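This report refers to the structure that appears directly beneath it.
Protein chains: 2
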Amino acid sequence: MANLTAFFNCDDRTMEQDPALPSLNQEPELLKTVLNKEGFRFTNQRQKILDLFQSAALGHHLNAEEIHQQLLDQGEKISFSTIYRALHVMVRLGLLQELELAEGRKYYELNTPFMNQHHHLVCVHCGDVKEFEDAKMTQVGSNESASHGFSLLNCQFTVYGICPSCQSLLS
Amino acid sequence: MANLTAFFNCDDRTMEQDPALPSLNQEPELLKTVLNKEGFRFTNQRQKILDLFQSAALGHHLNAEEIHQQLLDQGEKISFSTIYRALHVMVRLGLLQELELAEGRKYYELNTPFMNQHHHLVCVHCGDVKEFEDAKMTQVGSNESASHGFSLLNCQFTVYGICPSCQSLLS
DNA sequence: AACCTATTGAAAATCATTTTCGCTATCCAT
DNA sequence: ATGGATAGCGAAAATGATTTTCAATAGGTT
């Protein structure tokens with residue numbers, strides 16, 4: 011069986027991602043509610059991690075390393091195991107989305123409702139990432155999953171290329 | 011700087027992917043030609059690896075582990091380092107494409123000309139992968155990269171969901 | 001307040017992938 | 001063809017991100 015970590019690796023529990031994506035930005039207490047509803051516990055560390063995503067621009071992606079560093083910078087001591095566990099839980103709960111930007115590590119960003127999903131244009135040379143939206147994408151994604159009888163969780167469109175500045179460097 | 015391995019990790023040389031994708035299925039000697047043109051050497055191991063992809067259904071993806079096992083099964087002894095090096099070279103030369111199917115490892119498949127690119131619908135529970143094509147995808151990909159001044163290398167649309175049989179298992 | 005157990009941090013373990021290094025094989029020029 | 005230069009090979013060690021283990025602690029519940 012596949013090992014799609016962020017979807018199914020939160021200890022041993024098996025559970026579906028909540029289809030009604032909670033919008034955390036409103037209520038300060040929402041994280042606790044969402045966690046408890048599924049038997050997870052609210053902790054300071056989880057709140058701090060989520061705060062990072064909420065205080066960053068929407069669609070900003072972070073990896074475990076960056077989260078660790080940013081929390082250190084603001085005086086919070088946290089272990090990598092806690093970070094990874096928190097990320098998995100929050101992906102499972104539909105609060106975060108895991109991104110595969112082909113850099114040998116995983117990135118996470120605040121999950122956005124389906125119809126507002128954005129996609130990524132990656133420079134394979136310098137790693138610069140631009141975001142874009144396109145309704146056609148979501149359209150195709152839901153058509154495809156429907157036509158195969160899949161229940162849709164999310165979709166990612168990633169375009170790889172070389173950005174203008176790297177083009178000049180390389181020429 | 012980013013570390014997009016398959017694009018830029020072939021020892022130390024820096025070089026662009028050949029925009030004219032060679033169609034290997036015709037000429038038996040083409041691999042040697044393509045390799046030598048860029049200063050790489052033709053080896054038995056590289057041929058054997060490429061053969062695996064060519065004898066499989068088009069669009070079939072393999073990871074390093076599977077390649078290693080399949081070659082063992084057919085009596086070929088080959089090391090993982092050789093496999094990984096060969097895969098990188100062939101991606102660089104545009105013979106293979108690297109796929110991010112979110113399973114903690116990389117998959118490869120024969121590269122196909124842009125307009126025939128196919129995309130993936132992945133069951134996050136059992137790992138089953140369905141392929142599909144959609145011209146809109148390529149369209150959007152080239153529009154986006156063009157509008158940001160990127161030179162386009164490739165694009166991947168990956169849809170995550172739960173397949174029908176896993177849905178019944180989980181309910 | 002007491003209990004049950006999910007969560008934490010630290011350290012060890014995994015796992016895919018990469019690198020090192022001495023040896024071999026391919027390519028190019030003679 | 002032959003020989004030299006060096007790309008590529010295999011084996012083993014190294015890396016780096018992520019996961020797991022385990023004893024101590026803290027969150028949620030009664």
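If you're matching them up, the sequences are chains H and G in order.
Per the numbering used here, the first sequence starts with residue 11, numbered consecutively.
Per the numbering used here, the second sequence starts with residue 11, numbered consecutively.
Backbone N, C-alpha and C fix where the C-beta goes; we use that ideal spot for every residue, glycine too.
Quick caveat, the model's predicted, so the values are computed rather than measured.
Check	Outcome
Once DSSP output is grouped into helix, strand and coil, what is the label at I172 (chain G)?	strand
Assuming contact is defined by CB atoms lying nearer than 7 Å, are E143 (chain G) and H130 (chain G) in contact in what I supplied?	no
How is E113 (chain H) classed by DSSP in three states: helix, strand or coil?	coil
If you measure between the beta carbons of V226 (chain H) and K146 (chain G), is that distance less than 7 Å?	Given that chain H is displayed from residue 11 to residue 181, the structure contains no residue 226 (chain H) and the question cannot be resolved.
Report all residues from its chain with a CB closer than 6 Å to the CB of N73 (chain G); omit the five preceding and five following residues, and keep chain order.	R115 and Y117
Which residue wins for smallest C-alpha separation from S161 (chain H), given the options G:S157, G:Q55 and G:G171?	G:G171
Looking only at its chain, what residues have a beta carbon closer than 6 Å to the beta carbon of R56 (chain H), apart from the 5 residues adjacent to it on each side?	A96
Could you tell me how far apart the beta carbons of Q80 (chain G) and L62 (chain G) are, in whole angstroms, since I believe they sit closer than 8 Å?	6 Å
With distances taken between CB atoms, is the gap from L40 (chain H) to L60 (chain H) smaller than 7 Å?	no
Determine, using beta carbons only, whether E110 (chain H) and E75 (chain G) come nearer to each other than 7 Å.	no
Please classify S161 (chain G): does DSSP put it in a helix, a strand, or coil?	strand
Are the C-beta of Y170 (chain G) and some C-beta of chain H separated by less than 7 Å?	yes
Could you check the C-alpha separation between A156 (chain G) and T148 (chain G) for me, to the nearest Å?	12 Å
Could you check where the alpha helix (DSSP H) with L131 (chain G) kicks off and where it finishes?	Where L131 (chain G) is concerned, there is no enclosing alpha helix (DSSP H), although the beta strand (DSSP E) it sits in stretches over H128 to C133.
Give the residues of chain H in contact with N164 (chain G), contact being defined as C-beta atoms less than 9 Å apart.	V169, Y170 and G171
According to DSSP, is L106 (chain G) helix, strand or coil?	strand
If you measure from the beta carbon of E154 (chain G) to each beta carbon in chain H, is any gap under 7 Å?	yes
For H78 (chain H), which residues of its own chain have a beta-carbon under 7 Å away from its beta-carbon, when the five flanking residues on both sides are left out?	I88, F90 and I93
Let me know the secondary structure DSSP gives F63 (chain G) once reduced to three states.	helix
How should N121 (chain G) be labelled, buried or exposed, when 16 other C-beta atoms within 10 angstroms of its C-beta is the threshold for buried?	buried
Looking only at its own chain, which residues have a Cβ that is under 8 Å from the Cβ of A66 (chain H), when we skip the five neighbours before and after it?	L72
Which value, in whole angstroms, describes the spacing of the CA atoms of N164 (chain G) and V134 (chain H)?	10 Å
What residues are listed by DSSP as bridge partners for E143 (chain H)?	H:H128
Quick one: using the 10 Å Cβ neighbour count with 16 as the cut-off for buried, is L179 (chain H) buried or exposed?	exposed
Taking C-alpha atoms, which residue in H:N54, H:S175, H:G49 and H:K47 lies nearest to G137 (chain H)?	H:S175
From H70 (chain G) to E119 (chain G), what distance separates their C-alpha atoms?	6 Å
Measure the C-alpha to C-alpha separation of Q166 (chain G) and F167 (chain H) and round it to an integer number of angstroms.	6 Å
Tell me which same chain residues have a C-beta within less than 8 Å of the C-beta of Q107 (chain H), skipping the five on either side of it?	V101, Y118, E119, L120, N121, T122 and N164
How long is the line joining the alpha carbons of V44 (chain G) and R51 (chain G), rounded to whole angstroms?	9 Å
Is it right to say G104 (chain G) is buried, meaning 16 or more other beta carbons lie within 10 angstroms of its own, or is it exposed?	buried
Helix, strand or coil for E39 (chain H), going by three-state DSSP, please let me know.	coil
Distance cutoff 7 Å, beta carbons only. Does V150 (chain G) sit that close to anything in chain H?	yes
Reducing DSSP to helix, strand and coil, say where N73 (chain G) ends up.	strand
Thinking just about the alpha-carbon of each residue, which of G:G159, G:Q177, G:E154 and G:N46 is nearest to the one in V99 (chain G)?	G:N46
From the DSSP output, which residues share a beta bridge with E119 (chain G)?	G:Q107
On a Cα-Cα basis, can you pick out the residue from G:E113, G:N54, G:G159 and G:G49 that is closest to E86 (chain G)?	G:N54
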